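Q: Residue numbers for the sequence shown follow the working numbering, beginning at 6 and rising by one.
Every residue, glycine too, gets a C-beta built ideally from N, C-alpha and C.
Given the structure is predicted, the values throughout are model-derived calculations rather than measurements.
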Amino acid sequence: MQTTTYTVTGMTCDHCVGAVSGELRRLDGVRDVRVDLATSAVTVTSEGPLDDRAVRAAVDEAGYAVAG
């Protein structure tokens with residue numbers, strides 16, 4: 006298992022958390038998604054390394070952006 010933390014900009018409420026989590030959970034290999042709304046940290050646990058472009062696209066699909 007691999008754990009990676011991303012900073013996601015624009016999240017302000019539980020709906021935002023649900024949207025981002027839902028899109029990331031659809032990626033192949035993702036086992037868990039944890040969001041800390043206060044710090045904008047999104048921690049993804051996956052079977053192996055995730056494609057950065059796929060993560061950014063999933064977050065974008067939810068209406069937000071990965072910082073950096």
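Comparing alpha-carbon positions, which option in L42, T8, D33, R31 lies nearest H20?
A: Here the question's residue 20 lines up with position 15 in the sequence shown. The candidate whose alpha carbon is nearest that of H20 is L42.
Q: From A24 to A67, what distance separates their C-alpha atoms?
A: Start at 1 with the first residue of the sequence shown, and residue 24 comes out as number 19. Start at 1 with the first residue of the sequence shown, and residue 67 comes out as number 62. If I take the Cα positions, the gap works out to 5 Å.
Q: Taking the beta carbon of A63 as the centre, do at least 16 other beta carbons fall within 10 Å, making it buried, or is it exposed?
A: If you number the sequence shown from 1, residue 63 lands on position 58. Label assigned to A63: buried.
Q: Could you check whether T12 and S45 sit closer than 7 Å to each other, using their CB atoms as the reference points?
A: Here residue 45 refers to the residue found at position 40 of the sequence shown. Here residue 12 refers to the residue found at position 7 of the sequence shown. Yes, Cβ-Cβ distance for S45 and T12 is below 7 Å.
Q: Could you check if E28 is buried or exposed, using at least 16 other CB atoms within 10 Å of its CB as the buried criterion?
A: The residue labelled residue 28 in the question sits at position 23 within the sequence shown. Buried, because 16 or more other Cβ atoms sit within 10 Å of the Cβ of E28.
Q: May I have the straight-line CA-CA distance separating D65 from R58, to the nearest angstrom?
A: By 1-based counting over the sequence shown, the position of residue 65 is 60. By 1-based counting over the sequence shown, the position of residue 58 is 53. In a straight line, the C-alpha of D65 is about 10 Å away from that of R58.
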